[in-house]
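In the numbering used here, the protein residues as written are 209 to 361.
What follows is the structure in structure tokens.
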């Protein structure tokens, strides 16, 4: 089986998302999904979660096995055992790649600027607004999946 085929199969695995839109239950060949209500978790296939994330319609709740503590437990168990350790998911490598590629921007860093004086805010305002504008321009020009060669000859 080719890696692309394995990734295709992995995209059918269910993950939990929190939608920010309302939609009744949808009926697909693979089964019914939904209903989708803002703020209420719902399980969907990875392919749909990626599609909704690209449209900024949801946020992902990482699978339990992606928790650092759980992964450390699996690692420790693997070191102790002489035989193979059961993995958290048959597609754990493909799912990790897909979820991190499409959802890592969800956990962006936020600066905490509590307890600043008015003088401190005014002295950094110009720099921060210019830096944030520049970051916004970079982000809007970035298109995931494009190669570094943007021109064809």
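Quick reminder that beta carbons are idealized off the backbone N, C-alpha and C, glycines included. On a predicted model such as this, the values are computed, not experimentally measured, just so you know.
> Does the Cβ of residue 339 have 16 or more other Cβ atoms within 10 Å, making it buried, or fewer, making it exposed?
Replying inline: Exposed.
> Where does residue 284 fall in DSSP's three states?
Replying inline: In the displayed model, residue 284 falls within a helix according to three-state DSSP.
> Contact between the segment 250 to 267 and the segment 214 to 223: three or more CB pairs below 8 Å?
Replying inline: The segment 250 to 267 is in contact with the segment 214 to 223.
> Counting pairs of beta carbons, one from the segment 327 to 337 and one from the segment 275 to 292, are three or more of them closer than 8 Å?
Replying inline: They do not touch, by the three-pair rule.
> By a C-beta neighbour count over all protein chains shown, 10 Å radius and 16 as the cutoff for buried, is residue 302 buried or exposed?
Replying inline: With 16 or more other Cβ atoms within 10 Å, it is buried.
> Which residue or residues does DSSP assign as beta-bridge partners of residue 233?
Replying inline: BP columns for residue 233 are empty, so no partner.
>> In whole angstroms, give me the CA-to-CA distance for residue 343 and residue 215.
In response: Taking the straight line from one Cα to the other gives about 32 Å.
> Taking the C-alpha atoms as reference points, what is the distance between residue 218 and residue 212?
Replying inline: Answer to the nearest angstrom: the Cα atoms are 10 Å apart.
>> With distance defined between alpha-carbon atoms, name the residue in 304, 311, 264 nearest to residue 273.
In response: Here the closest residue by C-alpha is 304.
> residue 228 to residue 291, Cα distance in whole Å?
Replying inline: Answer to the nearest angstrom: the Cα atoms are 44 Å apart.
>> Suppose the cutoff is 8 Å on Cβ atoms and the five residues either side in sequence are ignored; what does the same chain contact list for residue 285 look like?
In response: In chain order, 293 place their CB closer than 8 Å to the CB of residue 285, counting only its own chain and leaving out the 5 sequence neighbours on each side.
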